[in-house]
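Structure record follows, encoded as structure tokens.
There are 2 protein chains.
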Amino acid sequence: MEKIINYFNSYLPLDQSEIQAFTQRLIKKRIKRRQLLLQEGDVCTHFTYVEQGCLKMFGVDDNGVEHNLLFAAENDWITDLGSLHKERPSRLYIEAVEPSVVYQISKGDLWYLYTNYPKFDRNFRVIIEDKYIELQDRLLQTYSTPALERYNEFLTRYPHLALRLPNTQIASYLGITPEFLSRAKKKSFKR
Amino acid sequence: MEKIINYFNSYLPLDQSEIQAFTQRLIKKRIKRRQLLLQEGDVCTHFTYVEQGCLKMFGVDDNGVEHNLLFAAENDWITDLGSLHKERPSRLYIEAVEPSVVYQISKGDLWYLYTNYPKFDRNFRVIIEDKYIELQDRLLQTYSTPALERYNEFLTRYPHLALRLPNTQIASYLGITPEFLSRAKKKSFKR
DNA sequence: AAATACCCTTAACCTAGGTTAAGGGGTAAA
DNA sequence: TTTACCCCTTAACCTAGGTTAAGGGTATTT
Numbered sequence: 002m003e004k005i006i007n008y009f010n011s012y013l014p015l016d017q018s019e020i021q022a023f024t025q026r027l028i029k030k031r032i033k034r035r036q037l038l039l040q041e042g043d044v045c046t047h048f049t050y051v052e053q054g055c056l057k058m059f060g061v062d063d064n065g066v067e068h069n070l071l072f073a074a075e076n077d078w079i080t081d082l083g084s085l086h087k088e089r090p091s092r093l094y095i096e097a098v099e100p101s102v103v104y105q106i107s108k109g110d111l112w113y114l115y116t117n118y119p120k121f122d123r124n125f126r127v128i129i130e131d132k133y134i135e136l137q138d139r140l141l142q143t144y145s146t147p148a149l150e151r152y153n154e155f156l157t158r159y160p161h162l163a164l165r166l167p168n169t170q171i172a173s174y175l176g177i178t179p180e181f182l183s184r185a186k187k188k189s190f191k192r
Numbered sequence: 002m003e004k005i006i007n008y009f010n011s012y013l014p015l016d017q018s019e020i021q022a023f024t025q026r027l028i029k030k031r032i033k034r035r036q037l038l039l040q041e042g043d044v045c046t047h048f049t050y051v052e053q054g055c056l057k058m059f060g061v062d063d064n065g066v067e068h069n070l071l072f073a074a075e076n077d078w079i080t081d082l083g084s085l086h087k088e089r090p091s092r093l094y095i096e097a098v099e100p101s102v103v104y105q106i107s108k109g110d111l112w113y114l115y116t117n118y119p120k121f122d123r124n125f126r127v128i129i130e131d132k133y134i135e136l137q138d139r140l141l142q143t144y145s146t147p148a149l150e151r152y153n154e155f156l157t158r159y160p161h162l163a164l165r166l167p168n169t170q171i172a173s174y175l176g177i178t179p180e181f182l183s184r185a186k187k188k189s190f191k192r
């Protein structure tokens, strides 16, 4: 529980009453490997903070192929914002890649915090802005950079993820197949 | 000027003092077609609201090819958030696709509003969350849906843009070449 | 009213990355 | 301790989309 409070210290730190209001509303969950926190068709009702472990969010296309949208490891957030906001059935899955410990806050409780403690509006504005920047960068890379280069960038940018994720998961995140990744890596160090 | 105030009515509407503080800090600009508001190497210093017209933001890859990251028409915002936040030189361009009228607010002024009127934190949190949802959706589509289908989706999702943008701009936004778009469209209605 | 710059289309040829199939090694579950 | 499931790799073949080049039509500019 301390970890999540500490986490906010890199934004506007919470005071005693905010900590109180916040932690009161958190639900702790232990999740097994491969356990789902959200699946297609469900409405996403919670914001999830990862204290320990690693989760992924992905969509499945018409051919049944999974496309990883993001990973969340320690000190990161994961949720289907679209489904949460509009209270509509999600088209995404959230699944634990490793056994994990997470804290969840419900939409209602988060809304309560937003209206009663403006600091949460501020902190989550900044958090989401950073995520937006990251995502836009990734989109540009997808359009402008060949796959292997994107893979190498991933390794240097997310070393904590690169070490613990199988290549098949990273490939999906990059929008390529594991077979192609394998081939491209081989070709590259042959030169 | 009324338009931008009205715009906030779909979020938390501004009260008199907020309107006052806000409008005081806006700079109106008339922009010619093809005029640049930001170019690679510059630090992005302003948030830009489009009252009239249409702008685009794009990056240029190592081969000199442009990749459109987004369009902003009436009642929309455009800025390089990454450059604005970290005050680092941008790798992006913002250019008017049509003669436009915009209102700009500087980073400093916006920060002032954020700290003195929490409602701006709230409203911009919601605005950016919606943008994040949109962007994530687009990324998933890029990975999971063939080009022509993405094009058709674009037409139905952004009719106000589809009508005024040349296909070459839309193709760039979708991550394909105009030549391929042309070919794909022809093949589709041949069936 | 020219001149220029875009924009769209077609077509031939090319390549990054996908698909299918198979084998082998590692690791979690029974 | 098996069994089963991943995960990684290789290779042959395939396809969505890129590249280059060229022509004609429309807008802007001058």
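Just so you know, the sequences run in chain order X and L.
Using the working numbering, you'd call the opening residue of the first sequence number 2 and step up by one each time.
Using the working numbering, you'd call the opening residue of the second sequence number 2 and step up by one each time.
Ideal placement from N, C-alpha and C gives every residue a C-beta, glycine not left out.
Since the structure is predicted, the reported quantities are computational estimates derived from the model, not experimental observations.
Which listed residue (the options) has its alpha carbon closest to that of residue i
i: L/Phe-72; options: L/Gln-40, L/Gln-25 and L/Ile-95; result: L/Ile-95
i: X/Thr-46; options: X/Leu-70, X/Gly-83 and X/Glu-130; result: X/Gly-83
i: L/Phe-59; options: L/Asn-117, L/Lys-132, L/Leu-70 and L/Gly-65; result: L/Leu-70
i: X/Glu-88; options: X/Gly-109, X/Phe-190, X/Asn-7 and X/Thr-178; result: X/Gly-109
i: X/Lys-132; options: X/Ile-6, X/Thr-80 and X/Arg-31; result: X/Thr-80
i: X/Arg-35; options: X/Gly-42, X/Cys-55 and X/Ala-97; result: X/Ala-97
i: L/Glu-67; options: X/Ser-183, X/Ser-145 and X/Tyr-159; result: X/Ser-145
i: L/Trp-1; options: L/Pro-100, L/Leu-39, L/Gln-105 and L/Val-61; result: No answer is possible for residue 1 of chain L: it lies beyond the span of chain L, which begins at 2 and ends at 192.
i: X/Pro-167; options: X/Glu-99, X/Lys-4, X/Leu-37 and X/Glu-41; result: X/Glu-99
i: L/Leu-162; options: L/Ile-20, L/Cys-55, L/Gln-17 and L/Glu-41; result: L/Cys-55
i: L/Pro-147; options: L/Phe-48, L/Lys-186 and L/Lys-29; result: L/Lys-186
i: L/Phe-125; options: L/Lys-4, L/Glu-3 and L/Leu-13; result: L/Leu-13
i: X/Asn-76; options: X/Glu-3, X/Lys-57, X/Ser-183 and X/Val-51; result: X/Val-51
i: L/Gln-40; options: L/Val-61, L/Lys-4 and L/Lys-33; result: L/Val-61
i: L/Ser-91; options: X/Ile-20, X/Asp-138 and X/Leu-182; result: X/Asp-138
i: X/Lys-194; options: X/Gln-53, X/Arg-26 and X/Leu-27; result: No information on residue 194 of chain X is available, as it lies outside the stretch 2 to 192 that chain X covers here.
i: X/Gly-176; options: X/Pro-160, X/Leu-27, X/Leu-140 and X/Glu-19; result: X/Leu-140
i: L/Ala-74; options: L/Phe-181, L/Tyr-159, L/Ala-172 and L/Ser-183; result: L/Tyr-159
i: X/Thr-116; options: X/Met-2, X/Glu-19 and X/Glu-3; result: X/Glu-19
i: X/Gln-25; options: X/Leu-114, X/Gly-65 and X/Leu-93; result: X/Leu-114
i: L/Ser-107; options: L/Lys-188, L/Met-2 and L/Ile-28; result: L/Ile-28
i: L/Asn-153; options: L/Asp-122, L/Leu-182, L/Gly-65 and L/Gln-21; result: L/Leu-182
i: L/Ala-172; options: L/Leu-149, L/Ser-189 and L/Leu-38; result: L/Leu-149
i: X/Lys-57; options: X/Leu-136, X/Arg-123, X/Leu-37 and X/Arg-184; result: X/Leu-37
i: L/Asp-43; options: L/Asn-64, L/Leu-93 and L/Gly-65; result: L/Leu-93
i: L/Tyr-118; options: L/Gln-17, L/Met-2, L/Arg-165 and L/Phe-190; result: L/Gln-17
Residue i Cβ short of 7 Å to the ligand ATP heavy atom set
i: X/Phe-59; result: The ligand ATP is absent from the structure shown, which contains no ligands of any kind.
Per-residue DSSP class, three states only, for residue i
i: L/Ile-1; result: Because chain L is modelled from 2 through 192, residue 1 of chain L falls outside the range shown and cannot be assessed.
i: X/Lys-33; result: coil
Cutoff 6 Å; reference residue i; Cβ partners in own chain excluding five residues on either side
i: X/Gln-142; result: Arg-151
i: X/His-86; result: none
i: L/Tyr-174; result: Asn-69
i: X/Asp-1; result: The structure shown does not extend to residue 1 of chain X, since chain X is modelled only from 2 through 192, so no value can be given for it.
i: L/Gly-65; result: none
Beta-carbon contacts of residue i that lie in its chain and below 8 Å, excluding the five residues immediately before and after
i: X/Thr-169; result: Pro-179
i: X/Leu-15; result: Ile-6, Phe-9, Phe-23 and Lys-120
i: L/Ile-128; result: Tyr-12 and Trp-78
i: L/Glu-3; result: none
Same chain, Cβ closer than 7 Å to residue i, five either side skipped, listed in chain order
i: X/Arg-31; result: Val-102
i: L/Leu-111; result: Phe-48
i: X/Leu-156; result: Ala-163
| request: Output the residue ranges of the alpha helix (DSSP H) runs that lie fully inside the stretch 121–146 of chain L and measure 4 residues or longer, sorted by chain position. | output: none
| Every unbroken beta strand (DSSP E) within the stretch 37–121 of chain X, with a cutoff of 3 residues, ordered by chain | 37–39, 47–53, 56–61, 67–73, 77–79, 93–97 and 101–107
| message | Beta carbons nearer than 8 Å to chain X: which residues of the stretch 116–139 of chain L have them? | response | Pro-119, Asp-122, Arg-123, Phe-125, Arg-126, Ile-129, Glu-130, Asp-131, Lys-132, Tyr-133, Ile-134, Leu-136, Gln-137, Asp-138 and Arg-139
| message | Output needed in chain order: residues of the stretch 162–178 of chain L with a Cβ under 7 Å from some Cβ in chain X. | response | For the stretch 162–178 of chain L, which is checked against every Cβ of chain X, the residues closer than 7 Å are Gly-176.
| Along the stretch 54–69 of chain X, what residues have a CB closer than 7 Å to any CB found in chain L? | Gly-60, Asp-62 and His-68: these are the residues of the stretch 54–69 of chain X whose beta carbon lies less than 7 Å from some beta carbon of chain L, given in chain order.
| query | Which residues, in chain order, does the stretch 140–164 of chain L contribute to contact with chain X at a C-beta distance below 7 Å? | reply | Leu-140, Leu-141, Thr-143, Tyr-144 and Ser-145
| Quick one, which residues of the stretch 25–58 of chain X are near chain L if we go by CB-CB under 7 Å, in chain order? | none
| said: If the cut-off is 9 Å on Cβ atoms, which residues from the stretch 89–120 of chain L count as contacting chain X, listed in chain order? | reply: Arg-92, Leu-93, Tyr-115, Thr-116, Pro-119 and Lys-120
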